[in-house]
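Worksheet for the structure shown next.
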Amino acid sequence: MNNMEKVKAAYIKKYPHLQRVEKNNKAFFDAAFRLIPPSGITPLELDQAMKVRL
Numbered sequence: 013m014n015n016m017e018k019v020k021a022a023y024i025k026k027y028p029h030l031q032r033v034e035k036n037n038k039a040f041f042d043a044a045f046r047l048i049p050p051s052g053i054t055p056l057e058l059d060q061a062m063k064v065r066l
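Now the structure itself:
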């Protein structure tokens, strides 16, 4: 599991409504960026996962 998959899985576990935009990376990370990170995910990991999508 790469960093982006790990971050997505953690956010979807804590915020199930993000499952609707899971396949759209831009929408997913735009929404995730505004939420409190789940435990085990640092802001740096979120940033790195967001950069992978570009």
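In the numbering used here, the protein residues as written are 13 to 66. Just so it is clear, CB atoms sit at the ideal spot from N, CA and C, and this is done for glycine as well.
>> Report the CB separation of L58 from V33 in whole angstroms; it is logged as a contact under 8 Å.
In response: As a first step, residue 58 is located in the sequence shown; it is residue number 46 there, counting from the start. As a first step, residue 33 is located in the sequence shown; it is residue number 21 there, counting from the start. Contact flag wrong, Cβ pair sits at about 15 Å.
> Quick one: is I48 buried, meaning 16 or more other Cβ sit within 10 Å of its Cβ, or exposed?
Replying inline: Numbered from its first residue, the sequence shown carries residue 48 at position 36. It counts as exposed.
> If we call anything under 9 Å between Cβ atoms a contact, is P55 one with Y23?
Replying inline: Mapped onto the sequence shown, residue 55 falls at position 43. Mapped onto the sequence shown, residue 23 falls at position 11. No. Outside cutoff.
>> So, with DSSP's three-state summary, where would you put Y23?
In response: Position 11 of the sequence shown, counted from the first residue, corresponds to residue 23. Here Y23 sits in helix by DSSP.
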